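What follows is one structure encoded as structure tokens, with my remarks underneath.
Protein chains in written order, with the UniProt record's numbering: chain A, 1 to 423; chain B, 1 to 314.
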């Protein structure tokens, strides 16, 4: 019996000793979190890797595994949730965040980071963009403005005898003149976007509502119809490229601008990057100035965010990483590499955005870089937005191709929205 | 003329030992396991999902599919977009006979032992291995308003210059323009299958027919076509199913437009299952099941057609 007790005591002592030795090792084993970005690799690999390295240095107990997702981001996200291997931090835009949150895929981040901290870090509107049902579902990250800046080819403008438009009314009024006198399109508007119903943006920027006071779709008033009619007339007259119905406006505009076939681009400074690559001569001549705005005289825009999936196994660590990537210093560092608009309130005072330059990208960056407070899609995406946007887009297309009158197209779409919108 | 044994002819029953049987199943097992995992199970589960509500919030919360009977099929029957999409997919079958005839004809031509034939065989196959994104850029240049197709038609005075239009932007032409890309992509694949079939025809048969004084047209109809029937049936089935499943070229060239004129049933399935976060696996599975049933019916028609035209043997 004595022998047994001795053995048991020895075993216990050894066991405790081993536990004591292994406990610090276990405590130090880093928590691995998975981080997904969207369309950032390979161009921004150095920035992402450096930021991750800085985060890991500041948080030695956390290890970050980074993947850049592209076309299949949403499908991969859904599949990973299904397979029980959800990522911990995911880069989504405002629209996708709204849809994911409505479907219960995301954690509200105001439960992970104090709301007061979020409010003091970001502009109120950029935070509101990621708020669904009164809860914040994303850390706002880099943004862009739909109107942003106006960049133009001065030779085509001189040939057409026009000056840079100060507002959208002026721009629309010079569309015919530019095309008739130069053969080049004045501008490529976003006419159709099944994923985002971009035409609704024109209504918003003219101060027209998308919903009524009860939250029903209400974009078929005579004022809405008049705007659509204006675009339909110009499209039918051949003043906008046919391909604008099939291709993304930004992609088409930058492609045609570099070929001297479009005089103006309204949008973010990122268009200049492409022009610099494809036609450096034209890039050097390009003039950058303030964007023409609609009657509401406001900019609209969108931003990326970082969200924490409901299925994340390490939400606290994930929240740390998301907060780190989206903090002011890291967003400013990103803005120095590519002309994004930081969503942090402190960015407006950063000296980087106060430097004057003749280089088009630098000038555009200075013009809009500190405009994060204007990042606002203009209206909230409706529930069931995929079906609703598809229907809206189909109706706009029918109007542009003369299959429906603008009034019938908007009436039909409003009817469909109100029958199918999840509130 | 010598004929091969029909596959449905009564054969004397062979006797196999237990060892032989076990060995046979042992060899079959890896393939059967993989087929079960990646074909039969998804097929059965997908068919089951077609009768359930599954997706969206239900999926995110980890709730199991909810059986709703025929509800998804009722939704599909009432959705004009699905009916348009299914109609377009069925219309797409026009490509099948054209594709088969063209690839068989070219296979016969390149089956000759002439100098440079290897180059042509390879050249026809290039579109099969060309990535769809690259093909999309290339065909965009062809179909654009200022593209090579309009230019060529202009040079030939078939279209006056003022009437140029984007072939993919026009409701009347987009569907056929996309179909031509499908033809271009599939042509080489079927040609290679036909070429393999042609090369398996015993040379003695051709030689005997030549000695009998049969001309090349007679030899084609009396020797080539009958012996190629199994290959023709296979290619016809494959291209029928491929036509019903067309997705990639539509997505990258027109995204279903203009006015949904190129929107196919598989695009509908894809959009319901994988686009955005409102994915509806139940409805998408039901739509997929409808497409599968149509494909099955058309396969039966194919079998019947070749079975009957061959006097009961395929």
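Glycine included, every Cβ here is placed at the ideal spot set by N, Cα and C. What you are looking at is a predicted structure, and each value in this text was computed from that prediction instead of being measured.
Range covered by the alpha helix (DSSP H) that runs through residue 417 of chain A: Locating residue 417 of chain A in the first chain gives position 417, counting from the first residue. First-last of the alpha helix (DSSP H) with residue 417 of chain A: 406 to 420.
Does the beta carbon of residue 183 of chain A come closer than 9 Å to any beta carbon on chain B? As a working mapping, residue 183 of chain A is identified with position 183 in the first chain. False, the Cβ-Cβ gap to chain B never drops below 9 Å.
Rounded C-alpha distance that separates residue 316 of chain A from residue 39 of chain A: Stepping through the first chain from its first residue, residue 316 of chain A is reached at position 316. Stepping through the first chain from its first residue, residue 39 of chain A is reached at position 39. If I take the Cα positions, the gap works out to 25 Å.
Per the contact definition of three or more C-beta pairs closer than 8 Å, is the segment 263 to 274 of chain A in contact with the segment 44 to 60 of chain A? no
Work out the CA separation of residue 56 of chain B and residue 192 of chain B for me, nearest whole Å. Within the second chain, numbered from 1, the residue matching residue 192 of chain B stands at position 192. Within the second chain, numbered from 1, the residue matching residue 56 of chain B stands at position 56. When rounded, the distance between both Cα atoms is 44 Å.
Outcome for residue 188 of chain B when other beta-carbon atoms lying within 10 angstroms are tallied against a minimum of 16: As a position in the second chain, residue 188 of chain B is number 188, starting the count at 1. When all chains shown are included, residue 188 of chain B counts as buried.
Using three-state DSSP, classify residue 256 of chain A as helix, strand or coil. Position 256 of the first chain, counting from 1, holds the residue named residue 256 of chain A. Helix.
For residue 247 of chain B, which of helix, strand or coil comes out of DSSP? Along the second chain, one-based indexing puts residue 247 of chain B at 247. Correct three-state label for residue 247 of chain B: coil.
Enumerate in chain order the residues of its own chain whose CB-to-CB distance from residue 223 of chain A is below 6 Å, with the five nearest sequence positions on each side excluded. Within the first chain, residue 223 of chain A is the residue found at index 223, counting from 1. Correct list, in chain order: 208.
Does DSSP put residue 185 of chain A in a helix, a strand or coil? Looking up residue 185 of chain A in the first chain gives position 185. The answer is strand: DSSP assigns residue 185 of chain A an E or B state.
Which residues DSSP lists as bridging residue 341 of chain A, in chain order: For the purposes of this step, residue 341 of chain A is taken as the residue at position 341 of the first chain. A:143.
Determine whether the Cβ of residue 78 of chain A lies closer than 9 Å to any Cβ atom of chain B. Residue numbering aside, residue 78 of chain A sits at position 78 when the first chain is read from its first letter. It does; some Cβ of chain B falls within 9 Å.
Please report how far the alpha carbon of residue 402 of chain A lies from the alpha carbon of residue 241 of chain A, in whole angstroms. Against the first chain, residue 402 of chain A aligns to sequence position 402. Against the first chain, residue 241 of chain A aligns to sequence position 241. Their backbone Cα atoms lie some 16 Å apart in a straight line.
Counting only runs that start and end within the segment 163 to 247 of chain B, where is the beta strand (DSSP E) found for 3 or more residues in a row? none
Counting only C-beta atoms, is residue 376 of chain A closer than 9 Å to chain B at any point? Residue mapping note: residue 376 of chain A aligns to position 376 of the first chain, counting from 1. Chain B contact via Cβ: absent.
Using a Cβ cut-off of 9 Å, pull out every chain A residue sitting near residue 145 of chain B, in sequence order please. On the second chain, position 145 is the one that residue 145 of chain B refers to. Simply 241, 242, 243.
Count the other CB atoms, across all protein chains shown, that sit within 10 Å of the CB of residue 69 of chain A; report buried if there are 16 or more and exposed otherwise. Here residue 69 of chain A is taken as the residue at index 69 of the first chain, counted from 1. Looking at its Cβ environment, which holds 16 or more other Cβ atoms inside 10 Å, residue 69 of chain A is buried.
Can a CB atom of chain B be found closer than 9 Å to the CB of residue 313 of chain A? Position 313 of the first chain, counted from the first residue, corresponds to residue 313 of chain A. Chain B contact via Cβ: absent.
Which runs of the alpha helix (DSSP H) fall wholly inside the segment 20 to 80 of chain B and span at least 4 residues, in chain order? Here the runs fully enclosed are 41 to 49, 56 to 60, 71 to 78.
Is DSSP giving residue 280 of chain B helix, strand or coil here? Within the second chain, the letter at position 280 stands for residue 280 of chain B. Note: residue 280 of chain B maps to strand in three-state DSSP.
Residue span of the alpha helix (DSSP H) that contains residue 201 of chain A, given as start and end: As a first step, residue 201 of chain A is located in the first chain; it is residue number 201 there, counting from the start. Start and end: 199 to 205.
Alpha-carbon to alpha-carbon, residue 386 of chain A and residue 108 of chain A: Against the first chain, residue 108 of chain A aligns to sequence position 108. Against the first chain, residue 386 of chain A aligns to sequence position 386. Looking at the two C-alpha atoms, the distance is approximately 22 Å.
For chain A, is any of its Cβ atoms less than 9 Å away from the one on residue 254 of chain B? Stepping through the second chain from its first residue, residue 254 of chain B is reached at position 254. Chain A, which has a Cβ nearer than 9 Å to the Cβ of residue 254 of chain B, makes this yes.
Listed by chain order, chain B residues near residue 398 of chain A by CB distance under 7 Å: To locate residue 398 of chain A, count along the first chain from 1; it is residue 398. The contacting residues are 259.
Output, in sequence order along the chain, the residues in the segment 263 to 277 of chain B whose CB is closer than 8 Å to any CB in chain A. 271, 274, 275, 276, 277
Counting only beta-carbon separations shorter than 9 Å, does residue 81 of chain B have a partner in chain A? Within the second chain, the letter at position 81 stands for residue 81 of chain B. Judged by the 9 Å Cβ criterion, residue 81 of chain B is in contact with chain A.
Please name the residue or residues paired with residue 32 of chain A in a DSSP beta bridge. As a first step, residue 32 of chain A is located in the first chain; it is residue number 32 there, counting from the start. DSSP output for residue 32 of chain A lists A:63 as bridge partner(s).
Is there at least one Cβ from chain B nearer than 9 Å to residue 21 of chain A's Cβ? Looking up residue 21 of chain A in the first chain gives position 21. Unreliable placement is indicated for residue 21 of chain A, whose pLDDT of 46 sits below 50; the coordinate value is still reported in the next sentence. Not closer than 9 Å to any Cβ of chain B, the Cβ of residue 21 of chain A fails to qualify, so no.
Delimiting residues of the alpha helix (DSSP H) encompassing residue 98 of chain A: Taking the first residue of the first chain as 1, we reach residue 98 of chain A at position 98. Here the alpha helix (DSSP H) through residue 98 of chain A covers 94 to 102.
Assumed close pair residue 65 of chain B, residue 49 of chain B - CB separation to whole angstroms, cut-off 8 Å: In the second chain, counting from the first residue as 1, residue 65 of chain B sits at position 65. In the second chain, counting from the first residue as 1, residue 49 of chain B sits at position 49. That belief holds up - the Cβ atoms of residue 65 of chain B and residue 49 of chain B are roughly 6 Å apart, short of 8 Å.
Candidates A:336, A:331, A:352, of which the one nearest residue 342 of chain A by Cα: Numbered from 1 along the first chain, position 342 holds the residue referred to as residue 342 of chain A. Per the Cα distances, A:331.
With distance defined between alpha-carbon atoms, name the residue in A:422, A:404, A:377 nearest to residue 259 of chain B. Residue mapping note: residue 259 of chain B aligns to position 259 of the second chain, counting from 1. Just measuring C-alpha positions, the residue of A:422, A:404, A:377 sitting nearest residue 259 of chain B is A:404.
Does the beta-carbon distance from residue 146 of chain A to residue 94 of chain A come in below 9 Å? Looking up residue 146 of chain A in the first chain gives position 146. Looking up residue 94 of chain A in the first chain gives position 94. With contacts defined by Cβ atoms closer than 9 Å, residue 146 of chain A and residue 94 of chain A do not form a contacting pair.
Sort A:112, A:151, A:31 by Cα distance to residue 292 of chain A and report the nearest one. The sequence position of residue 292 of chain A within the first chain is 292, counting from 1. In terms of CA proximity to residue 292 of chain A, A:151 leads the group A:112, A:151, A:31.
With a threshold of 9 Å between beta-carbons, can residue 250 of chain A be considered close to chain B, or not? The residue given as residue 250 of chain A occupies position 250 in the first chain. Residue 250 of chain A does not count as touching chain B.
Beta carbon of residue 340 of chain A nearer than 9 Å to that of residue 90 of chain A: In the first chain, the residue the question calls residue 340 of chain A occupies position 340. In the first chain, the residue the question calls residue 90 of chain A occupies position 90. No, Cβ-Cβ distance for residue 340 of chain A and residue 90 of chain A is not below 9 Å.
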